[in-house]
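In the UniProt record's numbering, the protein residues as written are 1 to 257.
See structure below.
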(Lines of atoms letter the chains of each structure in order from A and count residues from 1; the text may use other names and numbers.)
(Lines give C-alpha, C1' and ligand atoms only; values in the text may rest on other atoms or scores of the structure.)
Protein backbone atom coordinates (compact mmCIF):
# COMPACT_ATOMS: atom_id res chain seq x y z
CA UNK A 1 0.00 0.00 0.00
CA UNK A 2 1.49 3.32 -1.09
CA UNK A 3 2.11 5.95 1.56
CA UNK A 4 0.14 9.14 1.03
CA UNK A 5 2.43 12.04 0.19
CA UNK A 6 2.21 15.42 1.93
CA UNK A 7 0.64 18.29 0.01
CA UNK A 8 3.04 21.11 -0.81
CA UNK A 9 1.95 24.65 -1.65
CA UNK A 10 4.20 27.54 -2.68
CA UNK A 11 2.78 30.99 -2.01
CA UNK A 12 4.41 32.88 -4.87
CA UNK A 13 4.67 36.65 -5.21
CA UNK A 14 5.39 38.16 -8.61
CA UNK A 15 8.70 39.98 -9.05
CA UNK A 16 10.14 38.36 -5.95
CA UNK A 17 12.70 35.80 -4.87
CA UNK A 18 10.02 33.10 -4.71
CA UNK A 19 10.85 31.85 -8.20
CA UNK A 20 13.86 29.96 -6.87
CA UNK A 21 11.51 27.71 -4.92
CA UNK A 22 9.70 26.54 -8.01
CA UNK A 23 13.12 25.43 -9.26
CA UNK A 24 13.90 23.78 -5.92
CA UNK A 25 10.54 21.99 -5.89
CA UNK A 26 11.18 20.76 -9.43
CA UNK A 27 14.47 19.28 -8.20
CA UNK A 28 12.62 17.75 -5.23
CA UNK A 29 10.45 15.81 -7.69
CA UNK A 30 7.30 16.31 -5.62
CA UNK A 31 3.81 17.32 -6.64
CA UNK A 32 3.09 20.88 -5.56
CA UNK A 33 0.68 23.67 -6.27
CA UNK A 34 1.27 27.39 -6.58
CA UNK A 35 -0.88 30.17 -5.18
CA UNK A 36 -0.07 33.40 -7.01
CA UNK A 37 -0.08 36.82 -5.36
CA UNK A 38 0.33 40.12 -7.23
CA UNK A 39 2.11 43.20 -5.98
CA UNK A 40 0.20 46.40 -5.32
CA UNK A 41 0.69 49.46 -7.58
CA UNK A 42 3.25 50.62 -4.99
CA UNK A 43 5.19 47.38 -5.65
CA UNK A 44 4.44 46.05 -2.17
CA UNK A 45 3.21 42.59 -1.24
CA UNK A 46 -0.61 42.48 -1.02
CA UNK A 47 -2.21 42.35 2.44
CA UNK A 48 -3.66 38.92 1.61
CA UNK A 49 -0.23 37.39 2.16
CA UNK A 50 -0.54 38.18 5.87
CA UNK A 51 -3.33 35.62 6.00
CA UNK A 52 -0.73 33.01 5.04
CA UNK A 53 2.02 34.24 7.38
CA UNK A 54 1.92 37.23 9.77
CA UNK A 55 4.92 38.90 8.12
CA UNK A 56 3.14 39.01 4.77
CA UNK A 57 6.28 38.15 2.81
CA UNK A 58 7.13 35.69 0.05
CA UNK A 59 8.30 33.01 -0.39
CA UNK A 60 6.19 30.97 1.98
CA UNK A 61 5.67 27.22 1.70
CA UNK A 62 2.85 25.18 3.21
CA UNK A 63 3.23 21.45 3.98
CA UNK A 64 0.03 19.55 4.78
CA UNK A 65 0.85 16.14 6.21
CA UNK A 66 -1.48 13.19 5.56
CA UNK A 67 -4.38 13.23 8.00
CA UNK A 68 -3.87 16.89 8.86
CA UNK A 69 -6.12 19.76 7.77
CA UNK A 70 -3.91 22.72 8.66
CA UNK A 71 -0.60 23.10 6.83
CA UNK A 72 2.77 23.65 8.44
CA UNK A 73 3.78 27.11 7.22
CA UNK A 74 7.45 27.73 6.47
CA UNK A 75 8.89 31.22 6.01
CA UNK A 76 12.41 32.62 5.41
CA UNK A 77 14.26 31.43 2.33
CA UNK A 78 17.17 29.71 4.05
CA UNK A 79 14.92 27.75 6.41
CA UNK A 80 12.57 26.75 3.59
CA UNK A 81 15.54 25.56 1.55
CA UNK A 82 16.94 23.46 4.40
CA UNK A 83 13.53 21.94 5.21
CA UNK A 84 12.65 21.00 1.64
CA UNK A 85 16.12 19.62 0.97
CA UNK A 86 16.17 17.52 4.12
CA UNK A 87 12.76 15.95 3.46
CA UNK A 88 12.52 15.79 -0.33
CA UNK A 89 15.93 16.33 -1.94
CA UNK A 90 18.83 15.09 0.21
CA UNK A 91 20.85 14.74 -2.99
CA UNK A 92 21.03 18.56 -3.10
CA UNK A 93 23.00 18.74 0.18
CA UNK A 94 26.65 17.63 0.42
CA UNK A 95 27.81 14.90 2.76
CA UNK A 96 28.79 16.33 6.15
CA UNK A 97 31.63 13.98 7.10
CA UNK A 98 33.94 11.55 5.42
CA UNK A 99 33.40 8.01 6.70
CA UNK A 100 35.07 7.52 10.07
CA UNK A 101 35.98 11.20 10.41
CA UNK A 102 33.21 12.74 12.47
CA UNK A 103 33.43 15.62 14.92
CA UNK A 104 33.79 19.39 15.21
CA UNK A 105 36.16 20.81 12.62
CA UNK A 106 36.10 17.65 10.49
CA UNK A 107 33.23 18.60 8.17
CA UNK A 108 33.81 18.31 4.44
CA UNK A 109 34.61 21.50 2.55
CA UNK A 110 31.51 20.94 0.43
CA UNK A 111 29.27 20.86 3.53
CA UNK A 112 30.88 23.99 5.04
CA UNK A 113 30.47 25.88 1.78
CA UNK A 114 26.88 24.71 1.44
CA UNK A 115 25.80 26.01 4.82
CA UNK A 116 27.76 29.23 4.39
CA UNK A 117 26.04 30.03 1.09
CA UNK A 118 22.59 29.19 2.49
CA UNK A 119 23.07 32.05 4.96
CA UNK A 120 25.19 34.34 2.78
CA UNK A 121 22.64 34.41 -0.06
CA UNK A 122 19.97 36.03 2.11
CA UNK A 123 22.38 37.77 4.48
CA UNK A 124 25.40 39.81 3.41
CA UNK A 125 24.78 39.64 -0.34
CA UNK A 126 21.01 40.14 -0.49
CA UNK A 127 21.07 43.00 2.02
CA UNK A 128 23.38 44.88 -0.34
CA UNK A 129 21.24 43.99 -3.37
CA UNK A 130 18.00 45.20 -1.80
CA UNK A 131 19.53 48.46 -0.56
CA UNK A 132 20.90 49.11 -4.04
CA UNK A 133 17.50 48.41 -5.59
CA UNK A 134 15.80 50.88 -3.27
CA UNK A 135 18.36 53.56 -4.13
CA UNK A 136 17.82 52.91 -7.83
CA UNK A 137 14.20 54.04 -7.45
CA UNK A 138 15.50 57.53 -6.66
CA UNK A 139 16.57 57.77 -10.29
CA UNK A 140 13.27 56.49 -11.68
CA UNK A 141 10.38 58.15 -13.48
CA UNK A 142 8.32 58.39 -10.29
CA UNK A 143 10.69 61.03 -8.91
CA UNK A 144 9.48 64.56 -9.87
CA UNK A 145 11.61 65.84 -12.74
CA UNK A 146 12.59 69.06 -10.96
CA UNK A 147 14.31 67.21 -8.09
CA UNK A 148 15.62 64.31 -10.18
CA UNK A 149 19.01 66.01 -10.79
CA UNK A 150 19.48 66.22 -7.03
CA UNK A 151 18.48 62.62 -6.36
CA UNK A 152 20.62 61.44 -9.28
CA UNK A 153 23.62 63.22 -7.78
CA UNK A 154 22.99 61.66 -4.38
CA UNK A 155 22.60 58.19 -5.85
CA UNK A 156 25.75 58.65 -7.92
CA UNK A 157 27.81 59.55 -4.87
CA UNK A 158 26.44 56.66 -2.80
CA UNK A 159 27.06 54.33 -5.73
CA UNK A 160 30.71 55.36 -6.03
CA UNK A 161 31.42 55.48 -2.31
CA UNK A 162 29.45 52.45 -1.13
CA UNK A 163 27.83 50.18 -3.71
CA UNK A 164 30.63 49.81 -6.26
CA UNK A 165 33.38 48.91 -3.77
CA UNK A 166 31.10 46.57 -1.83
CA UNK A 167 29.84 44.79 -4.93
CA UNK A 168 33.45 44.41 -6.05
CA UNK A 169 34.34 42.81 -2.73
CA UNK A 170 31.46 40.33 -2.98
CA UNK A 171 31.91 39.42 -6.64
CA UNK A 172 35.70 39.12 -6.30
CA UNK A 173 35.06 36.72 -3.44
CA UNK A 174 32.53 34.68 -5.42
CA UNK A 175 34.82 34.51 -8.45
CA UNK A 176 37.53 33.08 -6.19
CA UNK A 177 35.06 30.63 -4.64
CA UNK A 178 34.21 29.22 -8.04
CA UNK A 179 37.91 28.99 -8.90
CA UNK A 180 38.67 27.05 -5.70
CA UNK A 181 35.56 24.84 -5.52
CA UNK A 182 36.49 21.27 -4.50
CA UNK A 183 36.42 18.14 -6.63
CA UNK A 184 37.00 19.97 -9.88
CA UNK A 185 34.36 22.60 -9.19
CA UNK A 186 31.67 23.70 -11.60
CA UNK A 187 29.35 24.81 -8.79
CA UNK A 188 29.84 26.83 -5.62
CA UNK A 189 30.19 23.82 -3.33
CA UNK A 190 31.84 21.30 -5.62
CA UNK A 191 31.11 19.44 -8.84
CA UNK A 192 27.35 18.98 -8.47
CA UNK A 193 24.33 21.25 -8.10
CA UNK A 194 23.23 21.92 -4.52
CA UNK A 195 20.30 23.79 -3.03
CA UNK A 196 22.76 26.57 -2.17
CA UNK A 197 23.42 27.14 -5.88
CA UNK A 198 19.68 27.48 -6.43
CA UNK A 199 19.37 29.96 -3.56
CA UNK A 200 22.36 31.95 -4.88
CA UNK A 201 20.95 32.05 -8.42
CA UNK A 202 18.77 35.11 -7.81
CA UNK A 203 21.43 37.57 -6.60
CA UNK A 204 23.89 36.32 -9.20
CA UNK A 205 21.38 36.71 -12.03
CA UNK A 206 20.68 40.22 -10.74
CA UNK A 207 24.41 40.95 -10.69
CA UNK A 208 24.63 39.98 -14.34
CA UNK A 209 21.35 41.22 -15.77
CA UNK A 210 20.35 44.24 -13.68
CA UNK A 211 23.63 45.57 -12.32
CA UNK A 212 25.67 44.53 -15.38
CA UNK A 213 28.66 43.95 -13.07
CA UNK A 214 29.03 40.24 -13.74
CA UNK A 215 30.34 39.92 -17.28
CA UNK A 216 32.76 37.82 -19.30
CA UNK A 217 35.60 40.34 -18.97
CA UNK A 218 35.57 41.17 -15.26
CA UNK A 219 34.17 37.95 -13.83
CA UNK A 220 34.51 35.18 -16.41
CA UNK A 221 33.85 32.30 -14.00
CA UNK A 222 30.82 33.98 -12.44
CA UNK A 223 29.48 34.94 -15.85
CA UNK A 224 29.80 31.37 -17.11
CA UNK A 225 28.22 30.09 -13.90
CA UNK A 226 25.16 32.34 -14.23
CA UNK A 227 24.74 31.28 -17.86
CA UNK A 228 25.04 27.66 -16.74
CA UNK A 229 22.30 28.10 -14.12
CA UNK A 230 20.06 29.85 -16.67
CA UNK A 231 20.32 26.83 -18.93
CA UNK A 232 19.75 24.12 -16.34
CA UNK A 233 16.70 21.97 -16.94
CA UNK A 234 15.20 22.60 -13.51
CA UNK A 235 15.43 26.37 -13.92
CA UNK A 236 13.83 26.22 -17.37
CA UNK A 237 11.02 24.07 -15.98
CA UNK A 238 10.42 26.61 -13.21
CA UNK A 239 9.92 29.36 -15.80
CA UNK A 240 7.61 27.17 -17.89
CA UNK A 241 5.57 26.27 -14.80
CA UNK A 242 4.98 29.83 -13.58
CA UNK A 243 4.23 31.12 -17.08
CA UNK A 244 1.66 28.35 -17.49
CA UNK A 245 0.14 29.03 -14.05
CA UNK A 246 0.05 32.82 -14.39
CA UNK A 247 -0.60 33.14 -18.11
CA UNK A 248 2.10 35.83 -18.25
CA UNK A 249 5.74 36.09 -19.26
CA UNK A 250 8.04 35.71 -16.28
CA UNK A 251 9.71 38.89 -15.01
CA UNK A 252 11.39 39.81 -11.75
CA UNK A 253 11.96 43.12 -10.01
CA UNK A 254 15.66 42.43 -9.68
CA UNK A 255 16.09 42.00 -13.41
CA UNK A 256 16.94 38.30 -13.38
CA UNK A 257 14.60 37.32 -16.19
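We treat Cβ as the ideally placed atom computed from N, Cα and C, and that holds for glycine.
What you are looking at is a predicted structure, and each value in this text was computed from that prediction instead of being measured.
inquiry  = Out of 182, 208, 235, which one is the CA nearest neighbour of residue 219?
reply    = In the chain shown, the residue the question calls residue 219 occupies position 219. The candidate whose alpha carbon is nearest that of residue 219 is 208.
ask   = Quick one, which of 40, 58, 200 has its alpha-carbon nearest residue 125's?
value = Position 125 of the chain shown holds residue 125. Per the Cα distances, 200.
message = Considering just the uninterrupted stretch of the alpha helix (DSSP H) at residue 127, what are its terminal residues?
response = For the purposes of this step, residue 127 is taken as residue 127 along the chain shown, with counting starting at 1. Start and end: 124–136.
query = CA-CA distance, residue 165 and residue 221?
reply = Position 165 of the chain shown, counted from the start, is the residue given in the question as residue 165. Position 221 of the chain shown, counted from the start, is the residue given in the question as residue 221. Answer to the nearest angstrom: the Cα atoms are 20 Å apart.
message = If I measure Cβ to Cβ from residue 109 and keep anything under 7 Å in the same chain, skipping five residues before and after, which residues do I get?
response = Position 109 of the chain shown, counted from the start, is the residue given in the question as residue 109. Taken in chain order, the residues that qualify are 182.
key: Close Cβ partners of residue 13 (< 6 Å) along its chain, the five nearest in sequence each way excluded   = As a first step, residue 13 must be located in the chain shown, where it is residue number 13. Closer than 6 Å at the Cβ level, and outside the excluded window around residue 13, lie 37, 45, 58.
key: Alpha carbon of residue 8 to alpha carbon of residue 158, nearest angstrom   = Here residue 8 is taken as the residue at index 8 of the chain shown, counted from 1. Here residue 158 is taken as the residue at index 158 of the chain shown, counted from 1. Between residue 8 and residue 158, the C-alpha separation is close to 43 Å.
query = So, residue 132 versus residue 171, is the Cβ gap smaller than 8 Å?
reply = As a working note, residue 132 is residue 132 in the chain shown. As a working note, residue 171 is residue 171 in the chain shown. Against a cut-off of 8 Å, the Cβ pair of residue 171 and residue 132 comes out as no contact.
message = Classify residue 62: buried if its beta carbon has 16 or more other beta carbons within 10 angstroms, exposed otherwise.
response = Here residue 62 refers to the residue found at position 62 when the chain shown is read from its first residue. Result: buried.
message = With H, G and I counted as helix, E and B as strand and the rest as coil, what does DSSP make of residue 75?
response = As a working mapping, residue 75 is identified with position 75 in the chain shown. Strand.
key: Close Cβ partners of residue 246 (< 6 Å) along its chain, the five nearest in sequence each way excluded   = Sequence index remark: in the chain shown, residue 246 carries index 246 (1-based). Cβ within range, chain order: 36.
query = Nearest to residue 25 by alpha carbon, out of 60, 211, 39?
reply = Taking the first residue of the chain shown as position 1, residue 25 is located at position 25. Among 60, 211, 39, the Cα nearest to that of residue 25 is on 60.
query = Secondary structure at residue 35, three-state DSSP: helix, strand or coil?
reply = The count along the chain shown starts at 1 and reaches residue 35 at position 35. Strand at residue 35.
inquiry  = Per the DSSP calculation, residue 11 is bridged to which residue(s)?
reply    = As a first step, residue 11 is located in the chain shown; it is residue number 11 there, counting from the start. Looking at the DSSP assignment, residue 11 forms a beta bridge with 35, 60.
message = Among 5, 6, 34, whose alpha-carbon lies nearest the alpha-carbon of residue 18?
response = Within the chain shown, the letter at position 18 stands for residue 18. Out of 5, 6, 34, 34 has the C-alpha closest to the C-alpha of residue 18.
message = Please classify residue 3 as buried or exposed, where buried requires at least 16 other C-beta atoms within 10 Å of its C-beta.
response = Residue 3 sits at position 3 when you count from the first residue of the chain shown. That one is exposed.
ask   = Which residue's Cα is closest to the Cα of residue 87: 148, 160, 27?
value = For the purposes of this step, residue 87 is identified with residue 87 of the chain shown, where counting begins at 1. Residue 87 has its Cα closest to that of 27, out of 148, 160, 27.
request  = Pull up the CB-CB distance for residue 195 and residue 92, whole angstroms please, since I reckon it's below 8 Å.
outcome  = Working through the chain shown from its first residue, we reach residue 195 at position 195. Working through the chain shown from its first residue, we reach residue 92 at position 92. Correct: roughly 4 Å between the Cβ atoms.
task = Tell me whether the beta-carbon of residue 53 lies closer than 8 Å to the beta-carbon of residue 80.
result = Taking the first residue of the chain shown as position 1, residue 53 is located at position 53. Taking the first residue of the chain shown as position 1, residue 80 is located at position 80. No, they are not a contact pair.
query = Which residue from 198, 248, 224 puts its Cα closest to that of residue 23?
reply = On the chain shown, position 23 is the one that residue 23 refers to. Minimum Cα distance to residue 23 is reached at 198.
task = Give the C-beta separation of residue 211 and residue 167 to the nearest angstrom, bearing in mind that I take them to be a contact with Cβ-Cβ under 8 Å.
result = Taking the first residue of the chain shown as 1, we reach residue 211 at position 211. Taking the first residue of the chain shown as 1, we reach residue 167 at position 167. So it is a contact: roughly 7 Å between Cβ atoms.
inquiry  = Assuming residue 223 and residue 214 are in contact, meaning their beta carbons sit under 8 Å apart, how far apart are those beta carbons, in whole angstroms?
reply    = Indexing the chain shown from 1 puts residue 223 at position 223. Indexing the chain shown from 1 puts residue 214 at position 214. About 5 Å; that satisfies the 8 Å criterion.
query = Quick one: Cα of residue 294 to Cα of residue 241, how far?
reply = Within the shown structure, residues of the chain are numbered from 1 to 257, placing residue 294 beyond reach of any answer.
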